[in-house]
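> Structure incoming, see below.
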């Protein structure tokens, strides 16, 4: 019979990734990647506050903490002590990521951005880089993961971080599907847009006019158009072909729009059909019907007699 210790549930484990390294080596990019992977990313939290953060209740999302010489109350000794404390805690699963980069590359990056180096605001960036690398030498030796960003493009760097920290080495890609009215303009931020105005229009059938593309009679009416099934089938094939390539490029979100005249019938029906197709293919899908939301919120309606 198993003992009480064997049957007791495991204590919750804090997952913490501490990202540090030279200024200009890519800390902000690394934190953005980790945030896209579901980490709660906090940059430049004063070192004295980190133990209080970790001593609190086990956070639901894992933590990614960015620390470098710009952090308030920074010292190499304090950061080294923090790393030892995190690493020694049996209730914490920790990785210390040190972003390394050659001095000549750091100098080029500072020259391109024309920013002053935080370790030498009144001197040359070259002086600040040398000073900072000297200070961070002992920290580099404590790292559990060393990433040299010298020769990496931003896409390669994102892919490297994703491969290391995403479950299965692949970041999730969120797909947002939007129906809209061309009369009100296309939503901002769309990556792809498809025009549904060639499909059979329920607006001209009086008993369907007040319904929308989520209602069965409207869907049946649009589906009677012989072009509807082929359109949705080809769209599904195209989007399913493109999404893995976007994900492999490091994208975390894709927004796709489907428009018709009024944003009530045809675009809504196609959006719903595409959402089902993509969800069945395993994609994480969300839906927004912009004009239906406006109608629910009491926004002024489109002029009548123009079709939907």
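In this note's numbering, the protein residues as written are -18 to 289. Backbone N, C-alpha and C define an ideal beta-carbon position, used for all residues, glycine too. Keep in mind the model is a prediction, meaning the values are calculated, not measured.
#1: Would the segment 152 to 172 count as touching the segment 97 to 116 if we require 3 or more Cβ pairs under 8 angstroms?
#2: Could you tell me whether the segment 87 to 107 touches the segment 52 to 59, using the rule of 3 or more Cβ pairs below 8 angstroms?
#3: Evaluate the contact criterion for the segment 74 to 88 versus the segment 16 to 33: three or more CB pairs, one atom per stretch, below 8 angstroms.
#4: Which parts of the segment 217 to 252 are runs of the alpha helix (DSSP H), unbroken and 4 residues or longer, counting only runs that do not cross its ends?
#5: Would you mind working out which of 179, 0, 61 and 148 sits nearest residue 76, comparing C-alpha positions?
#6: Quick check: the Cα distance between residue 24 and residue 48, rounded to an integer number of angstroms?
#7: Alpha carbon to alpha carbon, how far is residue 212 from residue 234?
#8: The beta strand (DSSP E) with residue 130 in it runs from where to where?
#9: Per DSSP, which residues does residue 1 bridge with? Please list them.
#10: CB residue 295 to CB residue 80, shorter than 8 angstroms?
#11: Is the segment 247 to 258 touching the segment 164 to 172, taking contact as three or more C-beta pairs under 8 angstroms?
#12: Restricting to Cα atoms, I'd like to know which of 124, 228, 95 and 89 is closest to residue 265.
#13: Go ahead and label residue 261 buried or exposed: buried means 16 or more other beta carbons lie within 10 angstroms of its beta carbon, across all protein chains shown.
#14: Judging by CA-CA distance, which residue of 129, 203, 175 and 116 is the nearest neighbour of residue 184?
#15: Would you call residue 45 buried or exposed, if buried means 16 or more other Cβ atoms sit within 10 Å of its Cβ?
#16: At a cut of 8 angstroms, does the segment 114 to 131 reach the segment 3 to 22 through at least three beta carbon pairs?
#17: I think residue 120 touches residue 57, with their Cβ atoms under 8 angstroms apart; what is that distance to the nearest whole Å?
#18: So what does DSSP say about residue 142, is it helix, strand or coil?
With the structure as the only source:
#1: no
#2: no
#3: no
#4: none
#5: 0
#6: 7 angstroms
#7: 24 angstroms
#8: It is not in any beta strand (DSSP E) - residue 130 carries neither H nor E in the DSSP assignment.
#9: 79
#10: Missing from the structure shown is residue 295; the chain here goes from -18 to 289 and no further.
#11: no
#12: 228
#13: exposed
#14: 203
#15: buried
#16: yes
#17: 6 angstroms
#18: helix
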